[in-house]
Amino acid sequence: MSHDTIADVTEIVRFSEFKSNEAEAEAFALVKKLDGCLRSYHGPQSGESSSGVWVHEWQTLADHTAFQKSTIYPSFIAGVGDFAKIDSLVHVQLKPYPAARAFGAPLTELTVATLKPTTTAAQFEAALAEAAGSFPQIGASARGVVLENDRQYVLVNGWDSAEARRQALATSAVQEISKKIGELADFQVGQYTFVQ
1113 MSHDTIADVT EIVRFSEFKS NEAEAEAFAL VKKLDGCLRS YHGPQSGESS
1163 SGVWVHEWQT LADHTAFQKS TIYPSFIAGV GDFAKIDSLV HVQLKPYPAA
1213 RAFGAPLTEL TVATLKPTTT AAQFEAALAE AAGSFPQIGA SARGVVLEND
1263 RQYVLVNGWD SAEARRQALA TSAVQEISKK IGELADFQVG QYTFVQ
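Residue numbering for the sequence shown follows this note's numbering, starting at 1113 and increasing by one per position.
Structure representation (structure tokens):
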């Protein structure tokens, strides 16, 4: 099956040298209006103004691919330099979908986990299932495998506040399961207060 036929796809773009300015607002507004773009979120990383993320939920991967093949795409990409540098772009089928509750939470934690060479997907997924019961403070969560690299996972957690996250991470049960999961993968973690 071609990836383009995959439905309910979330695109995550990570930026460095990120600036929330007029160029960023105009570019973001353009993507939000595209055919097949269902929901969009963006914002700088909390506590670090030089990193940012865009999240777009697409009806199908083909909708995003059509934009990439369009005549406006080269000038769009050239304009990104006015507000950021693209560090990575991935697509994922998050479950549950849509992940609007997690992305719309007061604090959204976005994690990309790359499995270590000796870790199987089954081991990692079992550890995630075990961890799910350790985080009752999470308001909403979603996860999925990156379409471009099946050794990467995207984990999205919506928190009621930064304090709720801190309190959850301070418990011994969470520290124990976090240590176990940390032995299975390498993590890029960021917290965001997204706007649509």
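Think of the CB as a built atom: it goes at the ideal place given N, C-alpha and C, for glycine as much as any other residue.
Quick caveat: nothing in here was measured; it's all calculated off a predicted structure.
Helix, strand or coil: which one does DSSP assign to residue i?
{"i": "Gln-1157", "result": "strand"}
{"i": "Gly-1148", "result": "coil"}
{"i": "Glu-1260", "result": "coil"}
{"i": "Met-1113", "result": "The pLDDT assigned to Met-1113 is 48, lower than 50, so where the model puts this residue is not dependable, and the model offers no usable value."}
{"i": "Ser-1132", "result": "coil"}
Going by DSSP, what residue range makes up the alpha helix (DSSP H) through residue i?
{"i": "Asp-1120", "result": "Asp-1120 -> not in any alpha helix (DSSP H); beta strand (DSSP E) instead, spanning 1119-1128."}
{"i": "Val-1307", "result": "Where Val-1307 is concerned, there is no enclosing alpha helix (DSSP H), given that its DSSP letter is neither H nor E."}
{"i": "Ser-1200", "result": "Ser-1200 -> not in any alpha helix (DSSP H); beta strand (DSSP E) instead, spanning 1197-1204."}
{"i": "Pro-1186", "result": "1185-1192"}
{"i": "Ala-1217", "result": "Per DSSP, Ala-1217 belongs to no alpha helix (DSSP H) and is neither H nor E."}
Using DSSP bridges, identify the partner residues of residue i.
{"i": "Arg-1255", "result": "Lys-1207, Leu-1267"}
{"i": "Gly-1164", "result": "Phe-1127, Pro-1156"}
{"i": "Glu-1169", "result": "Thr-1122, Arg-1151"}
{"i": "Thr-1223", "result": "Leu-1267, Val-1301"}
Write down every uninterrupted run of the beta strand (DSSP E) in the segment 1264-1303 whose length is 3 residues or greater and which is fully enclosed by it, in chain order.
-> 1264-1271
* What are the complete beta strand (DSSP E) segments, minimum 3 residues, inside the segment 1225-1253? -> none
Within 8 Å, do at least three Cβ pairs link the segment 1232-1250 to the segment 1270-1290? yes
How about the segment 1176-1190 and the segment 1208-1221: do they share at least three Cβ pairs that are nearer than 8 Å?
no
- Query: Just checking, does the segment 1155-1167 make contact with the segment 1230-1245 on the three C-beta pairs under 8 Å criterion?
  - Reply: no
Just checking, does the segment 1251-1263 make contact with the segment 1195-1208 on the three C-beta pairs under 8 Å criterion?
yes
Three or more beta-carbon pairs under 8 Å between the segment 1180-1190 and the segment 1223-1242, yes or no? no
Practice task
Inspect the CB distances between the segment 1263-1274 and the segment 1218-1229 and report whether three or more fall short of 8 Å.
Solution key: yes
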